[in-house]
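Colleague: First residue of the sequence shown: 25, per my numbering; consecutive thereafter. One structure, pasted below without further comment.
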Amino acid sequence: MNRTISSILLTLLGIIGYGFFIVYAAPSGGWLPEDQILQPDCNPGETDCRVKIITQVEGGLVGDGTSNNKVRLSFLFENSSKGIISLGTGASSDSSHNNSIFIGQEAGQGSSSTTNSSFIGYNAGANSQADNANFMGYYAGADATFADYSNFFGNSAGYGATSASNANFFGRNAGYEAKNADNSNFFGNEAGKNATNAKESNFVGYQAGLNAIVADQSNFIGYQVGLNASYARRSNFFGFQAGNGAVYAEASNLIGYQAGYGASSGELTSTKNANFIGYQAGTNSPRGRWRNTDHGGNDSHLDISTMLNVRCCIGTFPHSRIN
25 MNRTISSILL
35 TLLGIIGYGF
45 FIVYAAPSGG
55 WLPEDQILQP
65 DCNPGETDCR
75 VKIITQVEGG
85 LVGDGTSNNK
95 VRLSFLFENS
105 SKGIISLGTG
115 ASSDSSHNNS
125 IFIGQEAGQG
135 SSSTTNSSFI
145 GYNAGANSQA
155 DNANFMGYYA
165 GADATFADYS
175 NFFGNSAGYG
185 ATSASNANFF
195 GRNAGYEAKN
205 ADNSNFFGNE
215 AGKNATNAKE
225 SNFVGYQAGL
235 NAIVADQSNF
245 IGYQVGLNAS
255 YARRSNFFGF
265 QAGNGAVYAE
275 ASNLIGYQAG
285 YGASSGELTS
295 TKNANFIGYQ
305 AGTNSPRGRW
315 RNTDHGGNDS
325 HLDISTMLNV
335 RCCIGTFPHS
345 RIN
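Now the structure itself:
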């Protein structure tokens, strides 16, 4: 009995060993070059030989070229020194790219000549040209121009931003269609969305600097600070809705809860070179006269129309307000 079992085991081992040798034995003439292992149609040493692991079939599905084993994913690897990886239906695989990754449906679609960049997400970075950049999220950085050395993270973050080099866009619609957005930071949902001339500025917080006009070299930090502010260059907006809707707020400081909120026209139609510091300081106030209301309810007015465009509202509403 034991001899019979031993004979059976030896026979099985012989079969397995023979199969193992057949599967892993080198082909005649030695191992194939790498290109031939990956793609027999490639010539040895060919640099631009592309390998398709699975191919697209009908109905937007992909698989092995037959009606079997369909999946909703395609894989394309650029087998060359260019180092391009493309994963996803319609993901860019343009041979002009170098050392770049495209993952997701139509990721980087329409882009060309990108180097050292990553495109991850549906239409991420579509139609953009950017070196050393990262695009992650649904339409993140799509249609952005001159986006070298920038980061786009979030749903439509930096979508359509122009001159967007050396910039950071984090959050849903952050920096969406911001104009001249180079060397700027957009952090928060809709921060700096539609801002114009937004270079060298910081937009931090929900809708901070949204629709701000001429917003270069400024800081917008807080919830809806500087929202719809016009000519807000070289200014600082700090605090909840500070400078929200302020008109001609150039070279000004608006610091505090709703400080300078809606500050706009008066005799000089400007809030230029102004300082609004404190709770609702200068809120909804036209330019021209200073109102100081003491705790007894007595008013005193000071004409500031000749103060060379330098204004200051400090205190708590209504004790510090321009009227």
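All C-beta atoms, glycine included, are put in the ideal place defined by N, C-alpha and C. Since we're looking at a predicted model, the values are computed, not measured.
For ASN226, list the residues DSSP reports as bridge partners.
Modeller: Indexing the sequence shown from 1 puts residue 226 at position 202. Paired residues: ASN209 and ASN243.
Colleague: By DSSP, does SER288 sit in helix, in strand, or in coil?
Modeller: As a first step, residue 288 must be located in the sequence shown, where it is residue number 264. Taken through DSSP and simplified to helix, strand or coil, SER288 comes out as strand.
Colleague: Could you tell me the distance, in whole angstroms, from the CA atom of SER180 to the CA atom of SER152?
Modeller: Taking the first residue of the sequence shown as 1, we reach residue 180 at position 156. Taking the first residue of the sequence shown as 1, we reach residue 152 at position 128. The straight-line gap from Cα to Cα measures roughly 13 Å.
Colleague: How close, in whole Å, do the beta carbons of ALA188 and ALA171 come, if the pair is a contact with beta carbons under 8 Å?
Modeller: The residue you call residue 188 lines up with position 164 of the sequence shown. The residue you call residue 171 lines up with position 147 of the sequence shown. Correct: roughly 5 Å between the Cβ atoms.
Colleague: Identify every residue that forms a DSSP beta bridge with THR139.
Modeller: Counted from its first residue, the sequence shown places residue 139 at position 115. Looking at the DSSP assignment, THR139 forms a beta bridge with ASN122.
Colleague: Determine whether the beta carbon atoms of ASN175 and ASN156 lie at a separation below 8 Å.
Modeller: On the sequence shown, residue 175 is found 151 positions in, with the first residue counted as 1. On the sequence shown, residue 156 is found 132 positions in, with the first residue counted as 1. No. Outside cutoff.
Colleague: Let me know the secondary structure DSSP gives ALA298 once reduced to three states.
Modeller: Here residue 298 corresponds to residue number 274 of the sequence shown, with the count starting at 1. It is a strand residue.
Colleague: Assuming ASN175 is part of the beta strand (DSSP E), what are its boundary residues?
Modeller: Here residue 175 corresponds to residue number 151 of the sequence shown, with the count starting at 1. Going by DSSP, ASN175 is part of the beta strand (DSSP E) stretching over 175-177.
Colleague: In the structure shown, what three-state DSSP assignment does PHE264 receive?
Modeller: Along the sequence shown, one-based indexing puts residue 264 at 240. Coil, per DSSP.
Colleague: Applying the criterion that 16 or more other CB atoms from any shown protein chain within 10 Å of the CB defines a buried residue, is SER110 buried or exposed?
Modeller: If you number the sequence shown from 1, residue 110 lands on position 86. Per the 10 Å Cβ criterion, buried.
Colleague: Can you look up PHE193 in the DSSP assignment and give me helix, strand or coil?
Modeller: What you label residue 193 is simply residue 169 of the sequence shown in a count that begins at 1. PHE193: strand per DSSP, three-state reduction.
Colleague: My understanding is that GLN282 touches ASN268, with C-beta atoms under 8 Å, so please give their C-beta distance in whole angstroms.
Modeller: Looking up residue 282 in the sequence shown gives position 258. Looking up residue 268 in the sequence shown gives position 244. A Cβ-Cβ distance of about 7 Å is found for the pair GLN282 and ASN268, placing them in contact under the 8 Å criterion.
Colleague: What's the C-alpha gap between LYS296 and SER119?
Modeller: What you label residue 296 is simply residue 272 of the sequence shown in a count that begins at 1. What you label residue 119 is simply residue 95 of the sequence shown in a count that begins at 1. C-alpha separation (whole angstroms): 52 Å.
Colleague: Name the residue from ASP167, ASN299 and PHE143 whose alpha carbon lies nearest to the alpha carbon of GLY161.
Modeller: Translated into positions along the sequence shown, residue 161 becomes position 137. Here the closest residue by C-alpha is PHE143.
Colleague: State the beta-bridge partners of PHE170 as determined by DSSP.
Modeller: In the sequence shown, counting from the first residue as 1, residue 170 sits at position 146. Its beta-bridge partners do not exist; DSSP assigns none.
Colleague: To which residues of the same chain is LEU251 closer than 6 Å at the C-beta, ignoring the five residues directly before and after it?
Modeller: On the sequence shown, position 227 is the one that residue 251 refers to. Cβ within range, chain order: GLN231, LEU234 and ASN268.
Colleague: Please state the DSSP three-state secondary structure of ILE237.
Modeller: Start at 1 with the first residue of the sequence shown, and residue 237 comes out as number 213. Here ILE237 carries a coil assignment [DSSP, helix/strand/coil].
Colleague: Roughly how many angstroms lie between the CA atoms of ARG196 and PHE211, to the nearest whole one?
Modeller: Sequence index remark: in the sequence shown, residue 196 carries index 172 (1-based). Sequence index remark: in the sequence shown, residue 211 carries index 187 (1-based). About 9 Å.
Colleague: If contacts are defined as beta-carbon pairs under 8 Å, then PHE193 and ALA185 qualify, I think. What distance do you get, rounded to the angstrom?
Modeller: As a working note, residue 193 is residue 169 in the sequence shown. As a working note, residue 185 is residue 161 in the sequence shown. 7 Å between Cβ atoms; contact.
Colleague: Between GLY246, GLY263, LYS203 and GLU224, which has its C-alpha nearest ILE237's C-alpha?
Modeller: By one-based count along the sequence shown, residue 237 stands at place 213. Considering only alpha carbons, the answer is LYS203.
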